[in-house]
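What follows is a short report on a single structure.
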Amino acid sequence: MLKKLITALRITPSQKTQTEKNTPISKGWNKPLSASELLNTPLRERYLTDIWQNVSMTPKMFDTLYRKPIERYAEIVQLLPASESHHHAHNGGMLDHGLEVLSIAAKLRQNYVLPPNSPPEEQAKQRDVWTAVVIYAALLHDLGKTAVDVEVILEDQRRWFPWQGKIDSPYRFRYIKSRDYSLHPVIGGVFAQQFIPQEALDWLAEFPVAFSTLMYFISGHSDKSGVLADIIQKADQISVTMALGGDIQKIGEKAPVSFAKQLHIALKEVIRNMKLNAPKGGGEGWLTNEGLWVLSKSTTDKVRAYLMQQGISVPAQNSRVFDELQAHKLIEATPENTAIWYGKIASNSGWQPSAPFTLLKISPNVIWEGIDSRPPLFDGLVTVTDKEGNNKIQDVSLGINETTEILSKNHDETSNEFLLSDINITPNVTLNTGTNDNNIKPESESDPFGSYLDLFPTLGENSSSVTLSSHESDNISIETVEEQLSETEQGITLLKEEISSVGSEQKPKSQKSPISEVKIKNKVIDSGDLLTTEKFIKWVKEGIIAKSIHINKPDAKLHFVENHLFMVTPAIFQLYTREKLGSDRQEDWEFLQKEFQDLGIHKRFYADGDSWNIWSCDVVGQKKTSLLSGYLIEDVKLFVGNKPVFNNHWLKLKGNIQ
């Protein structure tokens with residue numbers, strides 16, 4: 050019996066290997082492939098044939114000097130792309146690009162006299178040496194990307210690096226944000242012994258000029274590697290140009306790339322190198338909730354220049370380029386169906402040119418694949434105007450109908466949805482009696498914050514006045530903007546019904562007159578349907594998610610106090626009408642504030658047998674104390690979901706919460 054059990058438990062190495070091969074790979078993970086599997090495609094075999102045809106040596110020597118290093122290269126790069134969104138950005142793109150550069154470089158080498166300025170007999174003697182130098186330089190020219198541009202995570206959550214050897218377990222990868230694009234060319238020397246056979250290094254070292262030229266190149270010193278750098282850079286440029294559909298005679302057959310795709314790639318590449326959201330001028334673009342606004346002429350000039358550098362035919366007039374961008378939906382048209390928008394830029398730091406800019410409006414989804422890869426929103430306003438700079442009152446679309454996912458689907462542990470069951474509605478909190486309508490007390494017709502800004506600490510001081518950390522923000526639940534705003538809208542509708550129900554049954558403590566049903570009035574004041582509480586709450590929630598509305602900061606209109614949301618009045622309503630209507634009219638924000646107050650989701654302040662809608666907060670500083678007024682909202686979930694909140698310890702609420 051014991052013998053049978055031991056036999057049943059014994060697993061031979063071959064059985065273990067077979068079991069590992071049959072183990073299913075989890076979704077989102079890549080199975081590591083062998084070199085033979087990776088190289089066994091018609092295109093890659095053709096690249097290998099091209100390399101073989103451009104070297105003069107026996108098959109055995111070719112295998113030792115070149116074939117085995119190429120196989121090691123294939124096992125290292127696996128299915129990694131050559132770039133995130135530029136050339137060869139598909140799975141396996143780095144291997145395709147690497148082999149293509151090898152084959153082109155081997156062919157280009159035949160056109161050069163190497164070593165330079167040497168007699169014919171020396172050239173003949175070193176012919177194969179310099180061919181090897183070219184091939185090894187081409188092999189290593191982009192390999193550093195696997196270490197510093199891409200993060201590869203194995204199934205056991207360890208990070209993999211290329212010097213650890215080939216990947217031997219399921220893996221996934223992502224591009225590193227804010228990576229240094231000039232770093233990968235200078236670390237090729239790290240991999241020299243890993244990919245260049247020892248016998249090849251011994252052989253090359255006998256020729257000091259060839260050896261030093263190779264070492265300089267793979268260490269990033271192209272200025273000291275002379276003609277070798279010219280060969281590899283030209284081969285790399287040809288490969289990139291062919292991948293982007295440029296007009297160069299192709300070595301291998303490639304699927305043609307449409308002009309729309311070329312234009313899209315150029316636009317993304319130009320904007321990636323732009324200076325965005327500059328607070329004091331000098332910028333070329335501004336990212337807001339409504340979209341990305343970029344200077345029309347300079348952007349189009351750079352797109353044209355980029356395409357021409359790639360050998361791609363492009364119209365000479367910018368107007369034609371505007372038409373192409375608009376036709377392929379790479380930019381958003383104005384209400385008049387033109388490409389050019391006029392707008393004024395106003396930074397919260399005080400920079401505000403008087404003249405309007407000519408702008409192109411681009412959906413962020415055209416440039417960045419996910420919200421995580423986008424830069425922060427502009428700390429200021431972009432106001433649409435006419436050509437003379439007069440404000441246009443219009444509802445600028447937030448793009449919510451595009452149902453763009455705002456965050457990675459991998460982060461679903463924290464919900465940001467509106468939960469109706471968590472709303473605490475009590476009579477003394479929600480109902481407005483009508484006797485205290487005059488309690489809407491704007492602080493001032495001018496600056497609503499007075500002199501309290503200097504009471505806050507500057508960034509970097511010891512303070513708990515933070516909202517949602519970047520890490521927490523990454524864990525917002527998987528929803529689209531449209532879904533999140535839809536939930537808020539449904540919640541408000543149900544909230545109105547529940548408020549009405551409560552109002553028909555109970556009275557608040559300070560009730561002085563008969564209770565009337567609380568109802569949201571979607572009255573229109575020369576602004577379409579913008580002055581409604583539904584749209585206001587959606588705007589606040591969207592602004593918190595996108596971090597365009599600050600919380601707990603010196604200039605913020607929202608703060609957390611004693612685990613409640615403190616909404617500064619009338620500043621938050623003035624900000625809404627300014628952004629959405631382009632208007633500072635007092636009747637607009639007063640109407641919206643009154644409608645929000647009638648919604649009854651705020652707590653009332655009780656004192657001396659009476660109650661008020663507005664609370665006050667002391668802003669405590671080192672030198673003096675100032676005062677803020679606003680609504681106090683207990684149900685913070687309506688605005689931030691289930692995210693944790695952090696109280697602003699520089700604010701002290703006046704009065705006790707009941």
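If you're matching positions, the sequence shown starts at 50 in the numbering used here and goes up one per residue. Where is the CB? At the ideal position from N, CA and C, for every residue including glycine.
Pairwise C-alpha distance: residue j and residue i
i	j	result
Leu702	Glu583	27 Å
Val694	Met291	52 Å
Tyr224	His613	39 Å
Ser274	Asn691	58 Å
Asp604	Leu579	24 Å
Asp428	Pro91	52 Å
Asn440	Tyr355	35 Å
Val150	Ile320	27 Å
Arg653	Ser665	11 Å
Ala84	Ala241	19 Å
Ser307	Ser218	37 Å
Leu316	Ser412	12 Å
Gly649	Ala395	34 Å
Val289	Glu248	32 Å
Val276	Pro168	17 Å
Arg208	Arg221	10 Å
Glu200	Glu418	18 Å
Ala388	Gly438	17 Å
Pro619	Ala309	47 Å
Pro384	Trp390	10 Å
Gly141	Leu129	5 Å
Tyr122	Gln243	10 Å
Glu11	Leu114	In the structure as shown, the chain starts at 50 and stops at 707, and residue 11 therefore has no counterpart that could be examined.
Gln102	Tyr185	16 Å
Residue i - DSSP class collapsed to helix/strand/coil
i	result
Ala241	helix
Arg116	helix
Asp667	strand
Ile202	strand
Leu316	helix
His146	helix
Thr90	coil
Ser412	coil
Met110	helix
Asp659	strand
Asn367	helix
His233	helix
Ala395	strand
Gly592	helix
Phe645	helix
Trp638	helix
Exposure of residue i, with buried meaning 16 or more beta-carbon neighbours within 10 Å
i	result
Asn338	buried
Phe615	buried
Lys436	exposed
Lys686	buried
Phe406	buried
Trp699	buried
Leu681	buried
Ser152	buried
Glu171	exposed
Thr107	exposed
Lys606	buried
Leu676	exposed
Pro424	exposed
Asn322	exposed
Other residues of its chain near residue i: CB distance less than 8 Å, five sequence neighbours each side excluded
i	result
Arg93	Leu87, Leu144, Asp145 and Leu148
Val126	Met143, Leu144, Gly147, Leu192 and Thr195
Asp633	Gln623, Thr626 and Arg627
His313	His377, Leu379 and Val415
Cβ-based neighbour list, residue i, same chain, cut-off 7 Å, excluding 5 preceding and 5 following
i	result
Gly392	Trp342, Pro405, Phe406, Leu408, Val431, Thr432, Val433 and Thr434
Phe585	Tyr625, Leu641 and Phe645
6 Å CB neighbourhood of residue i in its chain, flanking five on each side removed
i	result
Asn397	Asp428 and Gly429
Leu374	Ile380
Asp251	none
Phe710	The shown model of the chain, from 50 to 707, leaves out residue 710, and the question about it has no answer.
Thr349	Asn367 and Val370
Contact test: residue i Cβ vs the ligand NAP heavy atom, cutoff 7 Å
i	result
Asp637	Of ligands this structure carries none, so the ligand NAP is not represented either.
Specify whether the segment 181-189 and the segment 267-281 touch according to this definition: at least 3 beta carbon pairs, one from each stretch, less than 8 Å apart. yes
Using 8 Å as the threshold, is the segment 412-429 in touch with the segment 589-599, meaning 3 or more CB pairs across them? yes
How about the segment 251-260 and the segment 283-290: do they share at least three Cβ pairs that are nearer than 8 Å? no
The segment 175-185 touching the segment 158-167, judged by at least three CB pairs closer than 8 Å: yes
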